[in-house]
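Colleague: This is the structure, below, for whatever I ask next.
There are 2 protein chains.
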Amino acid sequence: MSGRLAVIGLGPGDDAYLTAEARAEIAGAEMFYGYAPYLARLALRGDQTAHASDNRAELSRAEAALTAAAAGARVAVVSGGDPGVFAMAAAVCEAIDHGPAAWREVEIAVVPGITAMLAAAARVGAPLGHDFCALSLSDNLKPWDLVCRRLRAAADTGMVVALYNPASRARPWQLAQALRTLAASLAPDTPVIFARAVGRPDETVTVTTLAAAPEEPADMATCVIVGGPLTQRIERPGRRPLVYSARAVPEARQ
Amino acid sequence: MSGRLAVIGLGPGDDAYLTAEARAEIAGAEMFYGYAPYLARLALRGDQTAHASDNRAELSRAEAALTAAAAGARVAVVSGGDPGVFAMAAAVCEAIDHGPAAWREVEIAVVPGITAMLAAAARVGAPLGHDFCALSLSDNLKPWDLVCRRLRAAADTGMVVALYNPASRARPWQLAQALRTLAASLAPDTPVIFARAVGRPDETVTVTTLAAAPEEPADMATCVIVGGPLTQRIERPGRRPLVYSARAVPEARQ
Numbered sequence: 070m071s072g073r074l075a076v077i078g079l080g081p082g083d084d085a086y087l088t089a090e091a092r093a094e095i096a097g098a099e100m101f102y103g104y105a106p107y108l109a110r111l112a113l114r115g116d117q118t119a120h121a122s123d124n125r126a127e128l129s130r131a132e133a134a135l136t137a138a139a140a141g142a143r144v145a146v147v148s149g150g151d152p153g154v155f156a157m158a159a160a161v162c163e164a165i166d167h168g169p170a171a172w173r174e175v176e177i178a179v180v181p182g183i184t185a186m187l188a189a190a191a192r193v194g195a196p197l198g199h200d201f202c203a204l205s206l207s208d209n210l211k212p213w214d215l216v217c218r219r220l221r222a223a224a225d226t227g228m229v230v231a232l233y234n235p236a237s238r239a240r241p242w243q244l245a246q247a248l249r250t251l252a253a254s255l256a257p258d259t260p261v262i263f264a265r266a267v268g269r270p271d272e273t274v275t276v277t278t279l280a281a282a283p284e285e286p287a288d289m290a291t292c293v294i295v296g297g298p299l300t301q302r303i304e305r306p307g308r309r310p311l312v313y314s315a316r317a318v319p320e321a322r323q
Numbered sequence: 070m071s072g073r074l075a076v077i078g079l080g081p082g083d084d085a086y087l088t089a090e091a092r093a094e095i096a097g098a099e100m101f102y103g104y105a106p107y108l109a110r111l112a113l114r115g116d117q118t119a120h121a122s123d124n125r126a127e128l129s130r131a132e133a134a135l136t137a138a139a140a141g142a143r144v145a146v147v148s149g150g151d152p153g154v155f156a157m158a159a160a161v162c163e164a165i166d167h168g169p170a171a172w173r174e175v176e177i178a179v180v181p182g183i184t185a186m187l188a189a190a191a192r193v194g195a196p197l198g199h200d201f202c203a204l205s206l207s208d209n210l211k212p213w214d215l216v217c218r219r220l221r222a223a224a225d226t227g228m229v230v231a232l233y234n235p236a237s238r239a240r241p242w243q244l245a246q247a248l249r250t251l252a253a254s255l256a257p258d259t260p261v262i263f264a265r266a267v268g269r270p271d272e273t274v275t276v277t278t279l280a281a282a283p284e285e286p287a288d289m290a291t292c293v294i295v296g297g298p299l300t301q302r303i304e305r306p307g308r309r310p311l312v313y314s315a316r317a318v319p320e321a322r323q
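Order-wise, the sequence lines are chains A and B. For the first sequence, the positions run 70 to 323 when the working numbering is used. For the second sequence, the positions run 70 to 323 when the working numbering is used.
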């Protein structure tokens with residue numbers, strides 16, 4: 070007898086970003102799998118159990134959740150942000166793809182959430198208002214040279230770039246090199262946003278420039294948005310500047 | 070006296086995608102500006118007024134909303150999906166950038182929502198699980214040649230592509246040409262998803278291939294996701310196939 074596995078996006082930060090659908094899915098599940106800080110955000114009932122695992126144990130967490138669901142349980146795998154963007158939904162699919170046939174009979178529901186770049190962009194205006202790319206800067210699963218080729222491709226064609234996983238203790242130099250790679254094609258005053266822990270009490274959001282960006286601190290809870298040639302900064306009296314990427318490309322900039 | 074302008078993302082489809090923050094912002098506003106079908110999704114109270122405008126009147130709608138907010142009103146501009154992705158937040162910023170100084174004193178809050186590509190991706194698994202681009206196929210505001218250069222840049226570097234505004238009555242041929250452009254770099258069996266009206270009663274989601282994709286109907290309510298070299302399709306008995314983009318790049322594919 071096959072159960073059901075919901076991969077639920079909690080959004081970043083607190084419950085303000087939780088959707089009605091995510092709330093209903095959380096109420097309906099009995100076993101919860103996830104990274105401990107995400108599980109800690111849930112107010113589970115006595116009949117619901119939490120199974121915490123390390124942030125890097127994505128595939129083994131997916132396998133444990135699928136095993137429980139294939140045995141008939143109503144299972145939830147929780148992700149911060151959106152589960153489909155550099156998070157658990159791909160790990161669950163990968164586990165199904167390489168797992169036993171019974172896992173293909175489990176009902177799978179992916180419940181979208183507000184992903185970090187949308188929350189970060191909202192804090193400053195509309196930097197993602199023009200065509201953009203979302204890249205993970207982690208080179209744990211892909212060669213660094215490929216990351217740089219994607220960055221060059223985006224900058225050379227005027228796309229805004231949102232960077233996930235910009236830095237960690239094990240990956241201290243990648244962000245500076247990524248910013249240098251983008252700077253080869255973009256103006257030094259291109260607006261850059263560092264948004265850390267959006268929606269949490271320790272949220273910090275900084276608007277800087279591509280030239281000054283290497284000075285900013287970043288970690289795994291930071292989303293960095295690097296504007297394109299159409300990204301503008303609007304100064305405001307007594308308020309953080311707005312940043313937006315113009316919808317229209319002037320003929321002269323083609 | 071300056072009021073407040075909230076640019077609120079309602080998510081696609083019905084209220085399942087509405088966040089707690091969006092719900093609170095809707096409750097707190099007194100004047101609502103937006104495209105009529107989005108305003109129709111709100112259950113406004115007697116003390117709240119709706120000001121509908123045409124889908125293409127984005128800049129004049131933003132100006133009307135800013136005029137009301139600068140006069141002291143609590144104003145909401147509503148968008149389907151996320152207001153920062155090819156929607157109203159950039160139009161509001163653009164109006165501020167080119168408008169009277171008083172508009173820079175209005176408190177601006179952008180409230181993120183589930184954008185179409187996240188809802189579309191969730192319906193089939195995790196096609197956006199690897200690096201990706203989000204492009205609007207509309208060439209009303211940018212040259213078509215630039216759209217094609219961005220498509221080639223994405224496909225040549227193995228990024229997944231999410232296409233917004235793929236087709237309309239006035240733009241009937243762009244999607245087929247975009248698919249041909251991508252097909253120059255991608256395998257004919259690359260998975261492609263057409264997701265229309267996700268979350269609405271008339272929702273349709275189709276998983277096809279790049280070779281067969283030109284046969285699929287599309288309109289302004291459709292989001293098209295074209296996979297990359299790492300995008301896999303998993304067949305399942307009695308269920309829609311899953312589609313996901315693998316997180317890891319095998320060395321051989323560099």
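Cβ coordinates follow ideal geometry from the N, Cα and C atoms, glycine included.
#1: Please list, in chain order, the chain A residues whose beta carbon lies closer than 9 Å to that of Pro306 of chain B.
#2: Please report the straight-line C-alpha distance between Val274 of chain A and Phe263 of chain A, rounded to a whole angstrom.
#3: Bridge partners for Ala277 of chain A per DSSP, in chain order?
#4: Find out if the Cβ-Cβ distance for the pair Tyr86 of chain A, Glu90 of chain B is shorter than 8 Å.
#5: For Ala188 of chain A, count the other beta carbons within 10 Å of its own beta carbon; 16 or more makes it buried, fewer makes it exposed. Which is it?
#6: Taking one C-beta from the segment 284-294 of chain A and one from the segment 102-119 of chain B each time, how about it: are there three or more such pairs within less than 8 Å?
#7: Cys292 of chain B CB to nearest chain A CB: under 8 Å?
#8: With a cut-off of 8 Å on the beta carbons, I'd call Arg173 of chain B and Ile177 of chain A a contact; round off their distance for me.
#9: Ignore the nearest five residues each way along the sequence and tell me which others in Gln246 of chain A's own chain have a CB closer than 7 Å to its CB.
#10: If you draw a straight line from the alpha carbon of Pro169 of chain A to that of Gly153 of chain B, how long is it in whole angstroms?
#11: On a Cα-Cα basis, can you pick out the residue from B:Gly115, B:Val175, B:Ala156 that is closest to Ala137 of chain B?
#12: Do you know how far the Cα of Pro181 of chain A is from the Cα of Gly82 of chain A?
#13: Does Ser129 of chain B come out as helix, strand or coil in the three-state DSSP assignment?
#14: Would Leu79 of chain B and Gly149 of chain B qualify as a contact pair, given that the criterion is a beta-carbon distance under 8 Å?
#15: Does the beta carbon of Ile77 of chain A sit closer than 8 Å to a beta carbon anywhere in chain B?
#16: Among residues of its own chain, excluding the 5 on either side of Arg219 of chain A, which ones have a beta-carbon nearer than 8 Å to its beta-carbon?
#17: Could you check whether the Cβ of Glu99 of chain A sits closer than 8 Å to any Cβ belonging to chain D?
#18: For the beta strand (DSSP E) containing Tyr107 of chain B, list its first residue and its last residue.
#19: Given a cut-off of 8 Å on the beta-carbon distance, is the pair Leu255 of chain A and Ala224 of chain A in contact?
#20: At the level of alpha carbons, what is the spacing between Arg322 of chain B and Pro260 of chain A?
#21: Which of the three DSSP states, helix, strand or coil, is assigned to Met157 of chain B?
#22: Would you tell me roughly how many angstroms separate the C-alpha atoms of Ala191 of chain A and Arg114 of chain A, rounded to the nearest one?
#23: Return yes when the Cβ of Ala139 of chain B is within less than 8 Å of the Cβ of Ala98 of chain B, no when it is not.
#24: Thinking just about the alpha-carbon of each residue, which of B:Pro319, B:Val318, B:Ala317, B:Gln301 is nearest to the one in Leu311 of chain B?
#25: If you scan the segment 283-310 of chain A from start to end, which runs of the beta strand (DSSP E) of 3 or more residues do you find wholly inside it?
#26: Taking Cβ positions, are Ala287 of chain A and Pro257 of chain A nearer each other than 8 Å?
#27: For the beta strand (DSSP E) that Ala231 of chain A lies in, which residues bound it at each end?
#28: Would you list, in sequence order, the uninterrupted beta strand (DSSP E) runs of no fewer than 3 residues that lie entirely inside the segment 170-248 of chain B?
#29: Which residues bound the alpha helix (DSSP H) around Ala93 of chain B?
#30: In terms of alpha-carbon separation, which member of B:Val147, B:Thr184, B:Ala158, B:Met157 lies closest to Gly268 of chain B?
#31: Can you give me the Cβ contacts of Ile77 of chain A inside the same chain, cut-off strictly under 6 Å, excluding the 5 residues immediately before and after it?
#32: With 8 Å as the threshold, decide whether the Cβ of Gln323 of chain B is near any Cβ in chain A.
#33: Could you check whether the Cβ of Gln243 of chain B sits closer than 8 Å to any Cβ belonging to chain A?
#34: What are the residues of the segment 183-196 of chain B that lie near chain A, defined by any Cβ-Cβ distance shorter than 7 Å?
#35: Give the single residue among A:Pro235, A:Ala119, A:Met186 whose Cα lies nearest to the Cα of Val229 of chain A.
Modeller: According to the structure shown:
#1: Ala170, Arg173, Glu174
#2: 6 Å
#3: Sequence check: residue 277 of chain A is Thr here, not Ala. According to DSSP, which records beta bridges pairwise, Thr277 of chain A is partnered with A:Val261.
#4: yes
#5: buried
#6: no
#7: no
#8: Rounded, the Cβ-Cβ distance is 47 Å, inconsistent with contact.
#9: none
#10: 41 Å
#11: B:Val175
#12: 15 Å
#13: helix
#14: yes
#15: no
#16: Cys202, Leu204
#17: Absent from the structure is chain D; the protein chains it does hold are A and B.
#18: Run containing Tyr107 of chain B: none in the beta strand (DSSP E); it sits in the alpha helix (DSSP H), 105-108.
#19: yes
#20: Because Arg322 of chain B carries a pLDDT of 43, less than 50, the predicted location of this residue cannot be relied on, and the following value inherits that uncertainty. Arg322 of chain B and Pro260 of chain A: Cα-Cα distance of roughly 34 Å.
#21: helix
#22: 33 Å
#23: no
#24: B:Gln301
#25: 291-295, 300-305
#26: no
#27: 229-233
#28: 176-180, 201-205, 229-233
#29: 89-97
#30: B:Thr184
#31: Ala91, Glu94, Ala145, Val147, Val180
#32: Because Gln323 of chain B carries a pLDDT of 41, less than 50, the predicted location of this residue cannot be relied on, and the following value inherits that uncertainty. Output row for Gln323 of chain B: interface = yes.
#33: no
#34: Ile183, Thr184, Leu187, Ala188, Ala190, Ala191, Gly194, Ala195
#35: A:Met186
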